[in-house]
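Here is the structure we will look at, set down as structure tokens.
Protein chains in written order, with my numbering: chain R, 1 to 246; chain H, 1 to 84.
Here it is in structure tokens:
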């Protein structure tokens, strides 16, 4: 069942899944697609099967910083669907993948009569908030190298070692100059930890990258386990990074 | 717009920039290099404690050196005056 490739859908009760099933569609999400805009109503709820959605805070200058990542561990749009709320942030497809998608109105309807579904969505939202809180501390107190390594490990946990990312993109997400990113990338490459050419990062030695990272990627992983408990391999085999640390 | 590459040099060691960035002219590239220098210096002093590059060398699309920006240039005047 394709929809079980998402960690939230695979945890939904059979009754709730039966209610959602007829309305679930599959879409291909390409890099750069804007799935929600700042201050816009959310019409669809996304359950990615892989890849990464970036949650961005946009500032007046036009710059946008990434505040959270949603992969096949999560969902976007559900909490906004509950009471017809607007998206506070911009959400963009960073790493492409397939996704299950359903109309927000359907999720609202099912959630209105399912405390289990509400509880599950709220749990995920707690985890996402935890990410944002961690990144707040990280951005204030850690070096560019530590932040970037944490960022790379977070992405590795969600999608594995091949990351299609330009330095420009990474710099924007982190709110730093591209030269700071290329300086760190150069060092990591020299040490054989990553391979980085023409907008593609391959993580060669994730342990090594982890050692250069701050504690923040580990904190996020621990939050996930605290919120969701141990992850059963049978229900969520795609979350390889999360499974290995469970 | 022409693409410029910003090489970071620390003593003999060099970090190349294979991605580069587009700027309308050399002057704009130089302004960027100064901003980049400020951040590299600040990150080193404030957070990492590891040496920043000594300078940023701006190269054109053909890999030719155009301009060098020394990190020391971006120090505030009152701090620079102490060094002299």
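We put the CB at the ideal spot given by N, CA and C, even for glycine.
- Within the segment 190-239 of chain R, the runs of alpha helix (DSSP H) that reach at least 4 residues and sit entirely inside it are, in chain order, 206-212 and 216-228.
- Residue contact check for residue 36 of chain H against chain R: a CB pair falls below 8 angstroms.
- Residue 164 of chain R has R/200 as its beta-bridge partners, per DSSP.
- In this structure, DSSP gives residue 155 of chain R a helical state, which the three-state scheme calls helix.
- For residue 6 of chain H, at least one C-beta of chain R is nearer than 8 angstroms to its own C-beta.
- In the structure shown, residue 28 of chain R falls within a strand segment according to DSSP collapsed to helix, strand and coil.
- Counting C-beta atoms within 10 angstroms of its own C-beta, residue 136 of chain R has fewer than 16 neighbours from the protein chains shown and is therefore classed as exposed.
- Around the CB of residue 94 of chain R, 16 or more other CB atoms lie within 10 Å, so the residue is classed as buried.
- Residues of chain R with a Cβ closer than 7 angstroms to the Cβ of residue 62 of chain H do not exist; the shortest Cβ-Cβ separation is about 18 angstroms.
- Chain-order list of chain H residues neighbouring residue 178 of chain R: 21, by C-beta distance under 7 angstroms.
- Under a 10 Å Cβ-count criterion, residue 177 of chain R is classified as buried, with 16 or more other Cβ atoms of the shown protein chains found around its own Cβ.
- Restricting attention to H/45, H/15, H/20 and H/13, the CA atom closest to the CA of residue 144 of chain R is found in H/45.
- A distance below 7 angstroms between beta-carbons, with the five flanking residues on each side excluded, links residue 78 of chain R to the following residues of its chain, in chain order: 45, 107 and 121.
- Between the alpha carbons of residue 200 of chain R and residue 166 of chain R lies a distance of about 7 angstroms.
- Separation of the CB atoms of residue 175 of chain R and residue 56 of chain R is rounded to 11 angstroms, and the pair is thereby denied contact status at 8 angstroms.
- The Cβ of residue 167 of chain R sits closer than 8 angstroms to at least one Cβ of chain H.
- With a contact defined as Cβ atoms closer than 8 angstroms, residue 3 of chain R and residue 24 of chain R qualify at about 6 angstroms.
- Straight through space, the alpha carbons of residue 56 of chain H and residue 68 of chain H are spaced by roughly 6 angstroms.
- A straight-line Cα-Cα distance of about 45 angstroms links residue 72 of chain R and residue 27 of chain H.
- When beta bridges are read from the DSSP output, residue 65 of chain H appears opposite H/59.
- In the three-state reduction of the DSSP assignment, residue 103 of chain R falls in the strand class, which pools E and B.
- Contact between residue 52 of chain R and residue 159 of chain R holds, with the beta-carbon distance rounding to 6 angstroms and staying under 8 angstroms.
- When rounded, the separation of the alpha-carbon atoms in residue 51 of chain H and residue 187 of chain R is 12 angstroms.
- With respect to chain R, the C-beta atom of residue 73 of chain H has no partner C-beta closer than 8 angstroms.
- The three-state secondary structure of residue 127 of chain R, taken from DSSP, is helix.
- Per DSSP, residue 75 of chain H lies in no beta strand (DSSP E) and is assigned neither H nor E.
- Only those residues of the segment 136-164 of chain R whose C-beta falls short of 9 angstroms from the nearest C-beta of chain H are listed: 141, 142, 143, 144, 145 and 146.
- Annotation: residue 5 of chain H to residue 91 of chain R spans about 30 angstroms, alpha carbon to alpha carbon.
- When the alpha-carbon of residue 99 of chain R is set against those of R/225, R/29, R/206 and R/181, the nearest one is in R/29.
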